[in-house]
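Following my numbering, the numbering of the sequence shown begins with -5 at its first residue and continues without gaps.
All C-beta atoms in this analysis are idealised placements derived from N, C-alpha and C, irrespective of residue type, glycine included.
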Amino acid sequence: MPRVNRSGDKASNHRIAFMSYFKHVCLVEAPQAVITPYPRYINDCIGICYLAASVQQDVDSLVIPENYYNHKLYDSLQDLLRKQPVDLVAISSMTGCFSNALRIAEIAHRQGVFVVMGGFHPTALPDEVLSSPYVDAVVIGEGEETFRELVLHGPSGKVSGLAYKENGGVVFTARRPVIRDIDSIPFPLRSIRPVRYGEKGTEYSIDTIFTSRGCPWVCSFCANDIMHNKWRGRSPENVVEEISLLHDPKKKKLLKIWDANFLTNIKRAEAICDMMIERGLTNFRIMTETRAKDIIRAERLLGKLRKIGLSRVGLGIESPNARTLELMNKKNMLDDVERAITLIQQSGIGAEGYFVIGHYTETAEDTVAYPEYAKSLGLKQAQFMAMTPYPGTRIFREYQEEEKITSFDWDLYNNFCPVVATRYMDNRMLLQMMVYCNVAFYNYHSVLKRNSSGSMLIALLKGFFSLCFLLRVNKSLSDDVIASTIYNAFELYAGSCPVISYSCKSSEKMLSKAFVVSMYLSPGHAIDFVIGQTESVRTLSIVRRSGDSPLADAVIRLEEVVDVSGSLSMDDLMRLFYRGEVIRNNPDRIAQQLVSVTADRHFWRALRRLGLLYLHSSRKEHRSG
-5 MPRVNRSGDK ASNHRIAFMS YFKHVCLVEA PQAVITPYPR YINDCIGICY LAASVQQDVD
55 SLVIPENYYN HKLYDSLQDL LRKQPVDLVA ISSMTGCFSN ALRIAEIAHR QGVFVVMGGF
115 HPTALPDEVL SSPYVDAVVI GEGEETFREL VLHGPSGKVS GLAYKENGGV VFTARRPVIR
175 DIDSIPFPLR SIRPVRYGEK GTEYSIDTIF TSRGCPWVCS FCANDIMHNK WRGRSPENVV
235 EEISLLHDPK KKKLLKIWDA NFLTNIKRAE AICDMMIERG LTNFRIMTET RAKDIIRAER
295 LLGKLRKIGL SRVGLGIESP NARTLELMNK KNMLDDVERA ITLIQQSGIG AEGYFVIGHY
355 TETAEDTVAY PEYAKSLGLK QAQFMAMTPY PGTRIFREYQ EEEKITSFDW DLYNNFCPVV
415 ATRYMDNRML LQMMVYCNVA FYNYHSVLKR NSSGSMLIAL LKGFFSLCFL LRVNKSLSDD
475 VIASTIYNAF ELYAGSCPVI SYSCKSSEKM LSKAFVVSMY LSPGHAIDFV IGQTESVRTL
535 SIVRRSGDSP LADAVIRLEE VVDVSGSLSM DDLMRLFYRG EVIRNNPDRI AQQLVSVTAD
595 RHFWRALRRL GLLYLHSSRK EHRSG
């Protein structure tokens, strides 16, 4: 397993280790209860790598258990604790990871190891966390300085930013201010990261960097302020030095600049770009997030951002409703959003909109406007997330006062599992409207531009699977509920009589006749996708099936799609999509990645299930059926 032993003068090292209260440290970043199987969401363990760097010179050993990226993590941790000395297990946890964090803590506790937990959830709810018999202490707020002092001195009233158990009670020490000079924080110790899909430590093809902490804004739904407070930026020199350690001229990496708002300081961002270009550190595909207003302020900088590899910008648009934005303390101007997206797209950079549905003041009718607004902006990609009241946020308190929080199962707190109701929508309706937004926004041109009925069917199946995977992150849903939710969302959309048009290119074939695909849930419950062509224009109509509808050329049975999606584990999907991301960024490595994929028995099992589903769906409908 990945491990760092202190090196250098033995006598000096022995003296330092002897002074430390804890000498053998194991670090674990608790995984989400259900993985969202998209490469951008993969955890790069940066949080615990920062902690590792802060105590690297103070301990005898640092270790992260193997198999962090699959379900064998817990067995690996047990084996590790049995085979080598560990006197402190440090766990970082988000809210949606907390049940797994407790599972990790229990394993460590049963081995007699001191357990400390930190991160967003323990910072927001230290009393709840310490009510567990398996947790001994909580680091509150930014962890590097508090964690190092805990390692050096043990649980003590002298360590600010700590809560710990003592004599049957809980001691809260003085609040620790955020770290003002974040250039002083050592770079994350990536070298100790475990193997991930054949890559280890610093070799990860997908990685994360934080060039700043905090945020100048305090949106009511965001937990950033609880942890990091006001915005503080690292110096351009410091940022670029870390980027140089990640850069590989022979392998393009996906680099996530995961600041709350990367473009808060335009002058700093430009200096980072200039230094990266000057040093040739441009072999990246970069993703980041920022505000629409900041894009407008950074208009002259967009060309440089594109040059260093920026390929996608996520914009927190949140809502098309000005009143909702005001209630969320979101300082967005809708005119700024439109202008920002135009500027991004003109620069050859992809724009993705983030929307949050389910504010307690909104109705289903209000929510219908979300995907229409996203399409009107010319967005090619958008995420529609359910309002999630994370502990410690203002929105959490507001939903409590409204008595609209429907679940405190932290496993569901991942932005895609509705855990609230609004004044006008119950939890089930909110779930359906989240799926509706995805259905109404979907890029149906990806179906219409296909040149054969078989490829059109595959494109539709791909869309249905994406909806299934979206709902699979909600562990509370049965297969029947997943199927009915998807059907109801399409039925609602069909009620608007949508007709999507596509102007064919001269190279694309003319359809000789209409192609009809029926999505079947149960007798009397089916939706038809009718694809036709007049001259150079193809159209897709989505209508509810009736008794006089034409025979379908293909029938997609939702029950089968949902069943097949459930046979593919999120671990397997993430592994497959991760390799796809590597190939996308490095086409010359396709042979290497395909060898790994085709050697995986899970791949062949999934391929067989998908093939059978396609063959079954492509059969023509018979009127007797």
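- Message: Mapping the DSSP letters down to three states, classify Arg174 as helix, strand or coil.
- Response: Coil.
- Query: Which one of Ile521, Leu505, Met504, Ser506 has the shortest CA to CA distance from Ser629?
  - Reply: Since the first residue shown for the chain is -5 and the last is 619, residue 629 is missing from the structure and cannot be characterised.
- Query: Around the Cβ of Asp547, are there at least 16 other Cβ atoms within 10 angstroms (buried) or fewer (exposed)?
  - Reply: Result: buried.
- Query: How would you call Ala651, buried or exposed, if buried means at least 16 neighbouring beta carbons within 10 angstroms?
  - Reply: No statement about residue 651 is possible, as the shown extent of the chain runs from -5 to 619 and does not include it.
- Message: Between which residues of its own chain and Asn468 is the CB-CB distance below 6 Å, once the five residues before and five after are set aside?
- Response: Here the set comprises Cys411.
- Query: Looking at Ile311 and Asn326, is the spacing between their C-beta atoms short of 8 Å?
  - Reply: If you check the CB distance, Asn326 and Ile311 come in under 8 Å.
- Task: Would you tell me roughly how many angstroms separate the C-alpha atoms of Ile621 and Thr357, rounded to the nearest one?
- Result: With the chain covering only -5 through 619, there is no way to say anything about residue 621.
- Query: For Met381, which of Tyr348, Met450, Leu373 has the nearest alpha-carbon?
  - Reply: Comparing Cα-Cα distances from Met381 to each of Tyr348, Met450, Leu373, the minimum goes to Tyr348.
- Item | Cα-Cα separation between Ala488 and Cys431, rounded to whole angstroms | The alpha-carbon atoms of Ala488 and Cys431 are separated by roughly 13 Å.
- Distance, Cα to Cα, Leu373 vs Ala363? Their Cα atoms are separated by approximately 15 Å.
- From the DSSP output, in three-state form, read off Cys641 for me. A question about residue 641 goes unanswered here, because the residues of the chain that appear run from -5 up to 619.
- the region 244 to 258 / the region 401 to 420 touching (three or more Cβ pairs under 8 Å): A contact between stretches requires three or more CB pairs, one per stretch, nearer than 8 Å, and the region 244 to 258 fails this requirement with the region 401 to 420.
- Closest by C-alpha distance to Ser93, when choosing among Gln78, Tyr128, Val107: Ranking the options by Cα distance to Ser93, first place goes to Tyr128.
- Task: Could you pull out every residue in the same chain whose Cβ sits closer than 6 Å to the Cβ of Gly619, ignoring the five residues on either side in sequence?
- Result: Residue placement at Gly619 cannot be trusted, given a pLDDT of 41 that sits under 50; what the coordinates show is reported in the next sentence. The beta carbon of Gly619 lies closer than 6 Å to none in the same chain, with the five residues before and after it left out.
- Could you spell out where the beta strand (DSSP E) holding Cys20 opens and where it closes? Note, Cys20: beta strand (DSSP E), 18 to 23.
- Distance between Ile494 and Pro517 (C-alpha atoms, nearest Å): Using only the alpha carbons, I get a separation of about 27 Å.
- Task: Only counting runs of 4 or more residues, tell me where the alpha helix (DSSP H) segments fall wholly within the region 374 to 432, in order along the chain.
- Result: Under the rule that a run must span 4 or more residues, the alpha helix (DSSP H) segments found entirely inside the region 374 to 432 read 388 to 396.
- Query: Which residue or residues does DSSP assign as beta-bridge partners of Glu193?
  - Reply: Its beta-bridge partners are Arg190.
- Where does Gln426 land, buried or exposed, given buried means 16+ other C-beta within 10 angstroms? It is buried - the Cβ of Gln426 has at least 16 other Cβ atoms within 10 Å.
- Cβ-Cβ distance between Arg174 and Thr140 below 8 Å: Not a contact, by the Cβ cut-off of 8 Å.
- Message: Using only CA atoms, which one of Asp565, Asp474, Asp253, Met269 lies nearest to Ser238?
- Response: Relative to the Cα of Ser238, the nearest Cα in the group Asp565, Asp474, Asp253, Met269 belongs to Met269.
- Item | Val549 versus Glu502: straight-line alpha-carbon distance, rounded | Their Cα atoms are separated by approximately 25 Å.
- Task: Measure the beta-carbon distance from Asn579 to Arg279 and round it to whole angstroms, keeping in mind my assumption that it falls under 8 Å.
- Result: Correct: roughly 5 Å between the Cβ atoms.
- Item | Glu206 and Gly227 closer than 8 Å at C-beta | This sequence places Ser at residue 206; Glu is not what is there. The answer is yes: Cβ separation under 8 Å.
- Item | CA-to-CA distance, Lys152 to Ala11, given in whole angstroms | For Ala11, the pLDDT reaches just 46, beneath the cut-off of 50, and the residue's location in the model is therefore unreliable, leaving the point undetermined.
- Message: Using the Cβ count rule (16 or more neighbours within 10 Å means buried), how would you classify Trp404?
- Response: The residue is buried, with at least 16 neighbouring Cβ atoms inside 10 Å.
- Whole-angstrom C-beta distance between Thr258 and Ile40, which should lie under 8 Å: The beta carbons of Ile40 and Thr258 sit about 20 Å from each other, so the pair does not count as a contact at 8 Å.
- Same chain, Cβ closer than 6 Å to Leu421, neighbours up to 5 away in sequence not counted: Leu is not the amino acid found at residue 421; the sequence shown has Asn there. Result list for Asn421: Thr400, Pro412, Ala415, in chain order.
- Query: So, is Cys491 buried or exposed, given that buried needs 16 or more other C-beta atoms within 10 angstroms?
  - Reply: By the neighbour-count definition (other C-beta atoms within 10 Å, threshold 16), Cys491 is an exposed residue.
- Task: Tell me whether Val624 is buried or exposed, calling it buried when 16 or more other Cβ atoms sit within 10 Å of its Cβ.
- Result: This structure cannot speak to residue 624, because the chain is shown only from -5 to 619.
- Query: Going along the chain, which residues of its own chain have a beta-carbon closer than 6 Å to the beta-carbon of Arg9, five neighbours each way excluded?
  - Reply: With a pLDDT of 41 at Arg9, under the threshold of 50, the modelled position of that residue is not reliable, and the figure given next carries that caveat. Nothing meets the Cβ criterion.
- Identify which residue in Glu23, Val19, Met13, Tyr32 has its Cα closest to the Cα of Met568. The candidate whose alpha carbon is nearest that of Met568 is Tyr32.
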